[in-house]
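**Q** Sharing a structure, written as C-alpha cells. Questions coming.
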Amino acid sequence: MKQEMYAKREGFSSSIGVIAAVLGSAVGLGNIWKFPYVTGANGGAAFILVYLLCVALVGLPVMLSELLIGRHTKANAVGAFKALQPRRPWFLVGGAGVLSAFLIMAFYTTVAGWVYAYIFKAAGGMLVSTKPEDTSLAFKTLISGVAEPLFWQMFVLIVIGAIIMAGVTKGIERVTKLLMPLLFLLLLIIDIRSLTLPGAGVGLSFLFKPDFSKITVSVILAALGLAFFKLSVGMGAMITYGSYVDKNENLPKMAIKVALADTLVSLMAGIAIFPAVFAFGFKPDAGPKLLFIIIPTVFNSMPLGRLFMVLFFLLTAIAATGAMLSLLEVPIAYLTEQYQWTRRKATLLTILGIGLLGSTATLSNSLFAKVTVFGKTFFDFFDFATSNVLLPLGGIFIALFVGWQWNHTKVKLEMSNGGQLTNERLADAFIFLVKFIVPVAIALVLLAGLNIIHF
Ligand code: PFF
C-alpha cells in the first residue's frame, strides 16, 4: 500500500533539474530586493560578515537536515514528521512551516507585484529619469495606490497558480531551469556599469570594509533571519523539495553548492546597487524601496538603459516566481497528501487565502497605513514574524529533531545514499552541529534579539 502511494508521487527528473529547482527556491527577491536593503539598513560590510557566518554555521546545516528528512520520508512537511515520529507532536513543526509559507507569501506577492508592474512601466518609458526625486516619486505613487498594486498582486498569484497546477516536473522544474543563467548574466552587466560609475569606491567600501561598532544583537538577529529566508529554510520548503529528490543525489554537496551560488547572487546584487546608491546621493538605509529607486537611476545613466531595465525586472520577476513556487508547494503538498485534495482544489483555495491575507500587506502603504499589529504594519509584521521569529524557531526544532530524535545511523545512511558515498566524517561534523551548535546559537540570538534575555 505504502509503495503504491510513493509510486504515484511526482519528482524532479534530473540532477540539473533538482539543482535548478532548489536554487530557484533560494534565489529570489531575498537576493535582489531584501539582501541589499537589509545590508544597507544595518551598516554594510560588518553585517555581511555576520550574515555569511549565519549561512555557513546555521543555515546550511538546517538546509541539509530538511533535505534529508524530505528525501527519506518522501512526504510533505507535516507528513514527514508524522512518518518519522508518529507518537510525538513533531508534526507541529511542519504545521508551523505551512503557516510561515502563508505569511511569507502574503508580503512576497506584494513585492513581486511591484516588480511585475515595473517591467511594464520600464517598457512603457515611465521610468526614464536619473533624478532621485523622480524615481522615488514614481515608486511611491505605485505602492500608495489601491487598485494598481492589488491588481499586480493578483496577477502574480494567477501566474504562479497556473505553473503549480502544471505539476512538479512540467511546471516547477521546467521554468526554473531556464532562468538562473540569464539572471546571472544580467547582474554581471549591471555590476560592470555600477562599478564604472564615478565615485563607485564609496559603495564598495560600504560593502566590504567592516565597521564592527555597527553590530548589535538585533543586527545579528536580522542577519540570522535573512540567512533563513534566503536559503528557504526553517519552514519545510526544503523538506517538500527534498521529497522530490532522487535517492542517488549527493545531498550535502548539493546544499553547499546552492548556498554558495545563492550567496554569490546576493553579493552581485549588492555590487549592482551600492556603488550607485552613493554615486547618485541616495541613502543606503532607504529600506524596501531601495531597489526600486536605484535600478531605474543606474539604467537611465547607460546606453540602451531602457532595454536593460526591462530585462532586469523581467528576470527579477522570474527569480521571484521560482521562489514563490517553492513557497506555494509547501501548503499544496500538505493539502494534497494529508487531506487527499486534488492539486487543482488545493492550489485554488491556497491562492485565494493568500490573496485575502496578502491584500492587507499590499494596502499597508495606503488604506491600512495606520493599522498596526505589535506596532508594525501588516506588511512589516508578516515579514518580521516569519524571518525573525518563525523561521529561526523552525530551524531550532528541525536541528533538534535530526540531532536528538532521529537515529544517527539512519541519518548517516540517508546522507551517504545508503553507504554509497564516503562522507562519514562530514556526517559526524554535521550531527555535532545540529545537535549542539545550531539550536543553542539560534536560541541565544532569538532570545536576545527579541529582548527576552540580555547579555
Ligand atoms: N529564498 C527566497 C528568497 O530569498 O527570495 C524566499 C523564500 C522562498 C523563503 C521559499 C522561504 C521559502 F520557503
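Take any residue in the sequence shown, count from 1 to its spot, add 87: that is its number in the working numbering.
All C-beta atoms in this analysis are idealised placements derived from N, C-alpha and C, irrespective of residue type, glycine included.
Quantities reported herein were computed from a predicted structural model and do not represent experimental measurements.
Looking at the structure shown, is LYS52 part of a helix, part of a strand, or coil, going by DSSP?
**A** With the chain running from 88 to 542 in the structure shown, residue 52 is simply not present.
**Q** Beta carbon of GLY323, beta carbon of VAL417: below 8 Å?
**A** As a first step, residue 323 is located in the sequence shown; it is residue number 236 there, counting from the start. As a first step, residue 417 is located in the sequence shown; it is residue number 330 there, counting from the start. Yes, the pair counts as a contact, with Cβ atoms nearer than the cut-off.
**Q** How far does the alpha helix (DSSP H) with ARG430 in it extend, from its first residue to its last?
**A** Mapped onto the sequence shown, residue 430 falls at position 343. First-last of the alpha helix (DSSP H) with ARG430: 430-449.
**Q** Could you name each continuous alpha helix (DSSP H) segment of 4 residues or more that falls completely within the segment 312-396, going from the start of the chain to the end?
**A** Segments of the alpha helix (DSSP H) lying fully in the segment 312-396: 324-329, 338-366, 377-387.
**Q** Which of the three DSSP states is assigned to VAL215 in this structure?
**A** Here residue 215 is taken as the residue at index 128 of the sequence shown, counted from 1. Of the three classes helix, strand and coil, the one that applies to VAL215 here is coil, per DSSP.
**Q** Just the Cα atoms here: how many angstroms apart are LEU450 and VAL233?
**A** Here residue 450 corresponds to residue number 363 of the sequence shown, with the count starting at 1. Here residue 233 corresponds to residue number 146 of the sequence shown, with the count starting at 1. One C-alpha to the other measures close to 7 Å.
**Q** In whole angstroms, what separates the C-alpha of GLY506 from that of LEU436?
**A** Taking the first residue of the sequence shown as 1, we reach residue 506 at position 419. Taking the first residue of the sequence shown as 1, we reach residue 436 at position 349. Whole-angstrom Cα-Cα distance: 42 Å.
**Q** Closer than 8 Å is the cut-off here; do at least three beta carbon pairs connect the segment 301-316 with the segment 474-493?
**A** Cβ pair count under 8 Å is three or more, so yes.
**Q** Could you check what DSSP says for MET88 in three-state terms: helix, strand or coil?
**A** The sequence position of residue 88 within the sequence shown is 1, counting from 1. Legend: pLDDT at MET88 = 36, less than 50; position of this residue unreliable, no value from coordinates given.
**Q** Relative to the ligand PFF, is the shortest distance from any of its heavy atoms to the C-beta of ALA164 smaller than 7 Å?
**A** Here residue 164 corresponds to residue number 77 of the sequence shown, with the count starting at 1. No, the beta carbon of ALA164 sits no closer than 7 Å to any heavy atom of the ligand PFF.
**Q** Here's a check: name, in chain order, each residue in its chain whose Cβ is nearer than 6 Å to the Cβ of LYS457, leaving out the five neighbours to either side.
**A** For the purposes of this step, residue 457 is identified with residue 370 of the sequence shown, where counting begins at 1. Within the same chain, LYS457 has no close Cβ partners at all.
**Q** Put VAL460 into one of helix, strand or coil per three-state DSSP.
**A** Indexing the sequence shown from 1 puts residue 460 at position 373. Of the three classes helix, strand and coil, the one that applies to VAL460 here is strand, per DSSP.
**Q** SER281 and PRO362: beta carbons closer than 8 Å?
**A** As a first step, residue 281 must be located in the sequence shown, where it is residue number 194. As a first step, residue 362 must be located in the sequence shown, where it is residue number 275. Yes, the pair counts as a contact, with Cβ atoms nearer than the cut-off.
**Q** Establish whether the CB of LEU533 and some CB of chain C are separated by less than 8 Å.
**A** You won't find chain C in this structure, because it holds only one protein chain.
**Q** Kindly list the residues whose CB is nearer than 7 Å to the CB of LYS522, restricted to its own chain and excluding five residues on each side of it in sequence; keep chain order.
**A** For the purposes of this step, residue 522 is identified with residue 435 of the sequence shown, where counting begins at 1. So the list reads GLY490, TRP491, once near-sequence residues are dropped.
**Q** Ends of the alpha helix (DSSP H) at ASP515?
**A** As a first step, residue 515 is located in the sequence shown; it is residue number 428 there, counting from the start. Start and end: 511-519.
**Q** Leaving out five residues before and five after GLU511 in sequence, what residues of the same chain have Cβ atoms less than 8 Å from its Cβ?
**A** The residue given as residue 511 occupies position 424 in the sequence shown. Cβ within range, chain order: LYS499, SER503.
**Q** Could you spell out where the alpha helix (DSSP H) holding TRP239 opens and where it closes?
**A** Here residue 239 refers to the residue found at position 152 of the sequence shown. Start and end: 234-253.
**Q** Any contact of the segment 279-299 with the segment 127-136, i.e. 3+ C-beta pairs under 8 Å?
**A** At 8 Å Cβ cutoff, the stretches touch.
**Q** With DSSP collapsed to three states, give me the class of LEU201.
**A** Counting from one through the sequence shown, the residue named residue 201 turns up at place 114. Here residue 201 is Trp; the residue named in the question, Leu, does not match the sequence. TRP201 falls in the helix class under three-state DSSP.
**Q** Using three-state DSSP, classify VAL114 as helix, strand or coil.
**A** Stepping through the sequence shown from its first residue, residue 114 is reached at position 27. Of the three classes helix, strand and coil, the one that applies to VAL114 here is coil, per DSSP.
**Q** Mind listing, in chain order, the residues whose beta carbon lies closer than 6 Å to a non-hydrogen atom of the ligand PFF?
**A** Spelled out in chain order, the answer is SER112, ALA113, GLY115, LEU116, GLY117, ASN118, ILE191, PHE316, LYS317, SER319, MET322, ALA324, ALA410, SER413, LEU414.
**Q** Which term fits GLN427, buried or exposed, when burial requires 16 or more other beta carbons within 10 angstroms of its beta carbon?
**A** For the purposes of this step, residue 427 is taken as residue 340 along the sequence shown, with counting starting at 1. The residue is exposed, with fewer than 16 neighbouring Cβ atoms inside 10 Å.
**Q** Look at the alpha carbon of GLY166 and the alpha carbon of GLY127, and state the distance between them as a whole number of angstroms.
**A** Translated into positions along the sequence shown, residue 166 becomes position 79. Translated into positions along the sequence shown, residue 127 becomes position 40. Cα to Cα, the separation comes out at about 40 Å.
**Q** Considering only residues of the same chain and omitting the five flanking positions on each side of ALA448, which have a CB-CB separation below 7 Å?
**A** Position 361 of the sequence shown, counted from the start, is the residue given in the question as residue 448. Excluding sequence neighbours, ALA448 sits near ALA193, PHE194, THR197, PHE465, PHE466, PHE469.
**Q** How would you call LYS334, buried or exposed, if buried means at least 16 neighbouring beta carbons within 10 angstroms?
**A** Taking the sequence shown and counting its residues from 1, the one referred to as residue 334 is at position 247. So LYS334 ends up on the exposed side.
**Q** Check for me: the alpha helix (DSSP H) holding ASP467 runs from which residue to which?
**A** Stepping through the sequence shown from its first residue, residue 467 is reached at position 380. First-last of the alpha helix (DSSP H) with ASP467: 465-471.
**Q** What does a CB cutoff of less than 7 Å around MET241 pick up in its chain, not counting 5 residues either side in sequence?
**A** For the purposes of this step, residue 241 is identified with residue 154 of the sequence shown, where counting begins at 1. The answer, listed in chain order, is GLY442.
**Q** Determine the DSSP secondary structure at TYR93, reduced to helix, strand or coil.
**A** As a position in the sequence shown, residue 93 is number 6, starting the count at 1. Note that TYR93 has pLDDT 41, beneath the 50 cutoff, so the model's placement of it is unreliable and the number below is only indicative. In this structure, TYR93 counts as helix in the three-state DSSP scheme.
**Q** Looking at the secondary structure, which residues open and close the alpha helix (DSSP H) in which LEU136 lies?
**A** Taking the first residue of the sequence shown as position 1, residue 136 is located at position 49. 132-141 is the span of the alpha helix (DSSP H), which, as asked, contains LEU136.
**Q** Between PHE99, GLU97, LEU144, which has its C-alpha nearest ALA516's C-alpha?
**A** Working through the sequence shown from its first residue, we reach residue 516 at position 429. ALA516 has its Cα closest to that of LEU144, out of PHE99, GLU97, LEU144.
**Q** Assign VAL525 to one of two classes, buried (16 or more other C-beta atoms within 10 Å of its C-beta) or exposed (fewer than that).
**A** In the sequence shown, the residue the question calls residue 525 occupies position 438. It is buried - the Cβ of VAL525 has at least 16 other Cβ atoms within 10 Å.
**Q** Can you have a look at VAL320 and say buried or exposed, based on whether 16 or more other CB atoms are within 10 angstroms of its CB?
**A** Taking the first residue of the sequence shown as 1, we reach residue 320 at position 233. Buried: at least 16 other Cβ atoms inside 10 Å.
**Q** Please report the distance separating the alpha-carbon of LYS432 from that of ALA188.
**A** On the sequence shown, residue 432 is found 345 positions in, with the first residue counted as 1. On the sequence shown, residue 188 is found 101 positions in, with the first residue counted as 1. So the two alpha carbons sit approximately 18 Å from each other.
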